[in-house]
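These notes concern the structure reproduced below.
Shown next as structure tokens:
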């Protein structure tokens, strides 16, 4: 299946969004762990890794020519 240019642009935008969101949450969790010692760091880290994986998947899906 071929993707149109609009679909590829949407995948690019969503992929970049999820990657940057995951990186921001990772940075936030590191700051919290160092300065505040909160107990919800495991959940925050797992959610940020999910965001990074979704973003990477969308960017890979965008670059594919066919599925």
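Numbering (my numbering), first residue to last: 3 to 69. The beta carbon of each residue, even a glycine, is placed where N, CA and C say it ideally should be.
Relative to the C-alpha of residue i, which candidate in the options has its C-alpha closest?
{"i": "residue 56", "options": "20, 13, 35", "result": "20"}
{"i": "residue 23", "options": "62, 47, 64, 65", "result": "47"}
{"i": "residue 50", "options": "32, 12, 8, 11", "result": "32"}
{"i": "residue 44", "options": "28, 12, 61", "result": "28"}
Which two residues bound the contiguous alpha helix (DSSP H) that contains residue i?
{"i": "residue 22", "result": "7 to 37"}
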